[in-house]
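These notes concern the structure reproduced below.
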Amino acid sequence: MGEVLIQIYAGSAEDADKAVQVLKHSFPKTWIEKYKPFSGGWFVRLWCELKEVKA
-5 MGEVLIQIYA GSAEDADKAV QVLKHSFPKT WIEKYKPFSG GWFVRLWCEL KEVKA
C-alpha cells in the first residue's frame, strides 16, 4: 500500500534497538536506511510498510 519514513533519536544504542524492535513487531516489513551515533546519542532512519499495521 505505502511506506512511511520514521526517524528515531535515542540517548543510547540500547534505546535505539528497543525502538526498532517495537516497530519491527508492529509493521509487516521494515528496513533500516541509516543507523549511526551522533553527539547526543543514536540516530536511526527506517522505513515501514503500511499494509495491515498490527496494534
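Mapping to our numbering: the sequence shown position 45 is 39, numbers consecutive.
Ideal Cβ positions, reconstructed from N, Cα and C, are used throughout, including at glycine.
Bear in mind the structure is a predicted one, so any value in this text is a computation, not a measurement.
Using a Cβ-Cβ cutoff of less than 6 Å, which residues in the same chain neighbour residue i once the five nearest sequence positions on both sides are dropped?
i, result
"Ile26", "Leu40"
"Trp36", "Ala4, Ala7, Ala10"
"Thr24", "Leu17, Lys18, Leu40, Cys42"
Which stretch, first to last residue, makes up the alpha helix (DSSP H) that contains residue i?
i, result
"Leu17", "7 to 20"
Just reading off the beta strand (DSSP E) that residue i is part of, what are its end residues?
i, result
"Leu44", "Where Leu44 is concerned, there is no enclosing beta strand (DSSP E), given that its DSSP letter is neither H nor E."
"Ala28", "Just to set this straight, residue 28 is Lys in the shown sequence, not Ala. Taken as a continuous stretch (DSSP letters only), the beta strand (DSSP E) holding Lys28 covers 24 to 32."
So who's on the other strand from residue i, going by DSSP bridges?
i, result
"Gly35", "Phe32"
For residue i, which residues of its own chain have a beta-carbon under 8 Å away from its beta-carbon, when the five flanking residues on both sides are left out?
i, result
"Pro31", "Ala7, Phe37"
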